[in-house]
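Novice: Provided herewith is a single structure, encoded as structure tokens, for subsequent inquiry.
2 protein chains.
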Amino acid sequence: MQNMQAITILAALAQESRLAVYRLLIEHAPEGLAASAIAEQLGLPNATLSFHLKELSHAGLVSSRQSGRFIYYAPVIETMDALVGYLTDHCCSQSGGTCAPATRKSAPAKRVAAAGKRRPGSA
Amino acid sequence: MQNMQAITILAALAQESRLAVYRLLIEHAPEGLAASAIAEQLGLPNATLSFHLKELSHAGLVSSRQSGRFIYYAPVIETMDALVGYLTDHCCSQSGGTCAPATRKSAPAKRVAAAGKRRPGSA
DNA sequence: TCTATATTTCCATGATTATAGAATTGTCAA
DNA sequence: TTGACAATTCTATAATCATGGAAATATAGA
Numbered sequence: 001m002q003n004m005q006a007i008t009i010l011a012a013l014a015q016e017s018r019l020a021v022y023r024l025l026i027e028h029a030p031e032g033l034a035a036s037a038i039a040e041q042l043g044l045p046n047a048t049l050s051f052h053l054k055e056l057s058h059a060g061l062v063s064s065r066q067s068g069r070f071i072y073y074a075p076v077i078e079t080m081d082a083l084v085g086y087l088t089d090h091c092c093s094q095s096g097g098t099c100a101p102a103t104r105k106s107a108p109a110k111r112v113a114a115a116g117k118r119r120p121g122s123a
Numbered sequence: 001m002q003n004m005q006a007i008t009i010l011a012a013l014a015q016e017s018r019l020a021v022y023r024l025l026i027e028h029a030p031e032g033l034a035a036s037a038i039a040e041q042l043g044l045p046n047a048t049l050s051f052h053l054k055e056l057s058h059a060g061l062v063s064s065r066q067s068g069r070f071i072y073y074a075p076v077i078e079t080m081d082a083l084v085g086y087l088t089d090h091c092c093s094q095s096g097g098t099c100a101p102a103t104r105k106s107a108p109a110k111r112v113a114a115a116g117k118r119r120p121g122s123a
């Protein structure tokens, strides 16, 4: 991942409403949620939500698909994966430090299984 | 980690000069670098660098210590660790997705050894 | 078609952030 | 002390970002 792309993604997440939107979408992955449902859940005006969705979309953190009159937004896991990879690859101490997330809180099995995998695309 | 703390850290990293400073400090961990050395390496005016160092410091991403006339800045690995933990814990898909950094590009041994470790402080 | 609903764009406004020169503060060496 | 250097704070300015009402643009059903 390029520096500038990482900055775009970090900036997209570094905002209260947008982080809330993203986390809400994660809870509803992989189907996602309609914009109206997001607006209702988070109490955001339409225009404001639309603005933030565009930011998240531009950063590649969410995708959208139309279904009838609704537009569903879903998180793009690969982007978060790439960001975490970038941070561990470029922003963690070479010598000794931790920065190893290893596994998640409540779904350890899957994570552990993948633990030996080398990150293929990292420069 | 609290949401707002994560946002502070993300915002601190989401800026070209600051990310460059942080990455430079990572290269010089754990001793760090004097402000003047950072300014020279990155070609930043003193006042500008000072502004960004304060942001990084406020986010807990760097620490500083005085040594003679110099102030050395060093990265705080624990903060990056906590951020990566927050992202993997709260911002990665529950069902199936990847978001598992597992190991780093060129220092796999240490990482693999820690791969089985559960993240202790995560809610 | 007409109407209702979903979403986005337009726009103005206010707030925050980034930049960097100049002045200031702090530290050391002689 | 004085002088040299390191770093921060002060200050003004420009640029970017966030907010949300109002208007415009879909989409679907009757």
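Going down the list, the protein sequences come from chains G and F.
Just so we're aligned, residue 1 is where the first sequence starts under our numbering, counting upward by one.
Just so we're aligned, residue 1 is where the second sequence starts under our numbering, counting upward by one.
The beta-carbon is built from N, C-alpha and C at its ideal position, and this holds for glycine as well.
Might you give, ordered along the chain, the residues of its own chain that have their beta carbon closer than 7 Å to the beta carbon of residue 20 of chain F, omitting 5 neighbours on each side?
Specialist: Excluding sequence neighbours, residue 20 of chain F sits near 42.
Novice: Should residue 32 of chain G go down as buried or exposed, given a rule of 16 or more other Cβ atoms within 10 Å for buried?
Specialist: By the neighbour-count rule (16 or more Cβ atoms within 10 Å), residue 32 of chain G is buried.
Novice: With 9 Å as the limit, tell me which residues of the stretch 2-17 of chain F have their beta carbon closer than that to any beta carbon of chain G; keep them in chain order.
Specialist: So the list reads 3, 4, 6, 7, 8, 9, 10, 11, 12, 13, 14, 15 and 16, given in the order they occur along the chain.
Novice: For residue 33 of chain F, does the three-state DSSP call read helix, strand or coil?
Specialist: Strand at residue 33 of chain F.
Novice: Return the first residue and the last residue of the beta strand (DSSP E) that residue 65 of chain F is part of.
Specialist: Residue 65 of chain F -> beta strand (DSSP E) spans 62-67.
Novice: Just tell me which of G:4, G:40, G:22 and G:90 has its CA closest to the CA of residue 54 of chain G.
Specialist: Checked all of G:4, G:40, G:22 and G:90; the closest Cα to residue 54 of chain G is G:22.
Novice: Assuming residue 47 of chain G is part of the alpha helix (DSSP H), what are its boundary residues?
Specialist: First-last of the alpha helix (DSSP H) with residue 47 of chain G: 46-58.
Novice: Output, in chain order, the set of chain G residues within a Cβ distance shorter than 8 Å of residue 22 of chain F.
Specialist: Ordered by position in chain G, the residues that pass the 8 Å Cβ test against residue 22 of chain F are 91.
Novice: Going by DSSP, what residue range makes up the alpha helix (DSSP H) through residue 14 of chain F?
Specialist: Element bounds for residue 14 of chain F: n/a, residue is neither H nor E.
Novice: By a C-beta neighbour count over all protein chains shown, 10 Å radius and 16 as the cutoff for buried, is residue 48 of chain F buried or exposed?
Specialist: Residue 48 of chain F comes out exposed.
Novice: Report yes if the CB atom of residue 79 of chain G is closer than 8 Å to the CB atom of residue 60 of chain G, and no otherwise.
Specialist: In contact: residue 79 of chain G and residue 60 of chain G (Cβ atoms closer than 8 Å).
Novice: Excluding the 5 residues preceding and the 5 following residue 35 of chain G in the sequence, name in chain order all residues of the same chain whose CB lies nearer than 6 Å to its CB.
Specialist: For residue 35 of chain G, where only same-chain residues beyond five positions count, the Cβ hits under 6 Å are 71.
Novice: Would you mind telling me which residues of chain F sit closer than 9 Å to residue 87 of chain G, beta carbon to beta carbon, in chain order?
Specialist: Result: 13, 80, 83, 84, 87 and 101.
Novice: Output yes if chain G places a C-beta closer than 8 Å to the C-beta of residue 38 of chain F; else output no.
Specialist: With 8 Å as the cut-off, residue 38 of chain F does not count as an interface residue toward chain G.
Novice: With a threshold of 8 Å between beta-carbons, can residue 33 of chain F be considered close to chain G, or not?
Specialist: Not closer than 8 Å to any Cβ of chain G, the Cβ of residue 33 of chain F fails to qualify, so no.
Novice: Is the shortest distance between the beta-carbon of residue 77 of chain F and the beta-carbons of chain G less than 8 Å?
Specialist: For residue 77 of chain F, the answer is yes, since a Cβ of chain G falls inside 8 Å of its Cβ.
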